[in-house]
Amino acid sequence: ARFSVVVERTVLELRGTPCLALEMTVPAQKGIMVSRGFSRRVTDYRDIEAAVATYASRAAEKLRRQGLSTNKMTISLRTSPFSPAPERYANAAGFVFPEATSDTTHMIKAARHCLKKIYKPGLPYQKAGVFLDALEDTRRIQRGLFPLPGVDPDKSRALMKAVDRINADWGRNTVRFAVTGMQRSWAMKQNRKSPCYTTRWQDLKQVGG
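In this note's numbering, the protein residues as written are 180 to 388.
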């Protein structure tokens with residue numbers, strides 16, 4: 180027989196399972212997408228790798244801000260849909276993590292793995308994207324009985340917390356991974372972006388003396 184939600188909650192309470200916390204839990208969003216068009220057509224693998232690594236890093240930051248972790252990543256890559264037929268191309272590749280994560284290092288490694296599967300040399304790529312789904316509340320992740328080789332969740336959380344704190348205090352990309360590149364000629368220009376006087380030193384107005 181099926182019971183009402185009220186009856187089910189009453190039974191759970193009698194068994195010692197608090198239901199208030201369950202009621203207060205806000206359902207997590209189903210996915211996180213970071214996708215950008217390039218400022219120009221890009222053919223060089225290293226430039227596209229830098230872009231994809233940057234998007235993976237942004238997606239990881241979004242996860243941590245929301246207290247979430249992901250079990251799956253999908254990387255997409257395409258040329259312009261208006262390109263001549265021989266240059267028209269779009270593809271995607273997915274990666275399933277052995278354990279839910281929000282660690283940027285894991286994200287970038289997975290993104291690079293996926294990119295190698297779908298990149299075709301010589302094509303003028305226009306856009307790439309990173310999509311994370313199968314999200315979980317980081318606090319409720321069920322860890323395996325045996326730790327994964329080379330994975331220390333406590334050290335991972337501490338490192339990411341330190342990186343996020345520095346970037347929050349001193350501006351985005353103060354600490355970043357080398358693979359994301361320094362020049363970023365592929366990135367869209369942000370001339371119209373509003374300055375962030377309270378979080379970025381480089382946005383502060385200068386007064387001559």
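Just so you know, even glycine gets a beta-carbon here, dropped at the ideal spot from N, CA and C.
Just so we're clear, the structure is a prediction, and the values are computed from it rather than from any experiment.
Looking at PRO300, PHE276, VAL358 and TRP349, the one whose alpha-carbon comes closest to that of THR249 is PHE276. Taking the CA atoms as reference points, VAL309 sits about 10 Å from MET286. Here SER218 is exposed, its C-beta having fewer than 16 other C-beta atoms within 10 Å. If you draw a straight line from the Cα of ASP348 to the Cα of SER335, it comes to about 20 Å. Around the beta carbon of SER236, 16 or more other beta carbons lie within 10 angstroms, which makes this residue buried.
Scanning the stretch 207–256 from its first residue to its last, the whole beta strand (DSSP E) runs of 3-plus residues come out as 210–221. Restricting attention to beta strand (DSSP E) runs no shorter than 3 residues, the stretch 279–357 encloses them at 304–316, ordered along the chain. Nearest Cα to LYS340 within the set ILE227, VAL231, GLY246 and VAL213: GLY246. Within a 10 Å sphere around the beta-carbon of ALA337 sit fewer than 16 other beta-carbons, which makes this residue exposed. Per the DSSP secondary-structure output, THR258 pairs in a beta bridge with TYR304.
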